[in-house]
Amino acid sequence: MLPAQPARFEAVREELEKVRLGFLHLLDEFPEKDWDRRFPGEGWTIKQEMVHITQVLNVLPHGIRRASRGARRSILAIVSASLRSWVNGYIVIPFMARGATRQSIAEAYNKAHNALLGILEGLPEDAWSKGMPYPKKYRTVEQMAHRPAEHFEEHLGHLQMCLKKK
């Protein structure tokens with residue numbers, strides 16, 4: 001690790017840890033009776049939403065590795081965003097959530113979190129400024145490293161609203 005990198009990595013690590021703790025807290029907040037309840041106006045259940053948040057964290061290291069090596073686009077860029085979204089929303093996430101439990105989701109999140117930290121910690125300084133479209137808009141590796149926090153915030157309000165309606 002180069003001298004300037006520890007401060008950058010440490011700031012990202014702190015942010016990711018805060019998100020991890022928030023996710024795990026939220027995971028425990030939903031009563032068992034609400035776990036398979038569908039979101040108002042959406043097709044996903046609360047459990048599926050939590051699996052989705054975990055899955056995004058799980059695939060991010062691959063994108064960071066590709067971008068840090070100078071790849072120009074994601075492998076999935078050949079598939080239209082609308083088709084990827086449909087497959088993810090109606091097939092992948094529902095399938096992944098079928099046997100999921102709070103414990104398995106927490107374990108998957110922690111594993112993905114640690115994998116992401118391992119990749120970020122080992123990045124050379126010049127890799128942080130490389131980038132590619134991820135998922136749709138261009139992001140540097142450093143911006144991708146902040147994506148779990150952005151993504152969690154995108155879903156947090158809706159999840160908290162569901163908690164209040166229980």
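Numbering (the working numbering), first residue to last: 1 to 166. By construction, the Cβ of each residue, glycine as well, lies at the ideal position given by its N, Cα and C atoms.
- Distance check between residue 119 and each of 98, 141 and 136 places 141 closest, using alpha-carbon atoms only.
- Across the structure, residue 134 and residue 63 are spaced so that their CA atoms are roughly 7 angstroms apart.
- Within the stretch 11-76, not a single complete beta strand (DSSP E) segment reaches 3 residues in length.
- DSSP places residue 102 inside the alpha helix (DSSP H), whose first and last residues are 102-121.
- Under the three-state reduction of DSSP, residue 99 is assigned to coil, being neither helix nor strand.
- Taking a contact to require three or more Cβ pairs closer than 8 angstroms, the stretch 89-101 and the stretch 46-59 qualify as touching.
- Nearest in C-alpha terms to residue 81, of all of 136, 69 and 9, is 136.
- For residue 157, the enclosing alpha helix (DSSP H) has its first and last residue at 147-164.
- Taking residue 96 as the centre and dropping the five residues before and after it, the same chain places the C-beta of 51 and 55 closer than 7 angstroms to its C-beta, in chain order.
- Counting every other CB atom within 10 Å of its CB across the protein chains shown gives residue 87 a total below 16, marking it as exposed.
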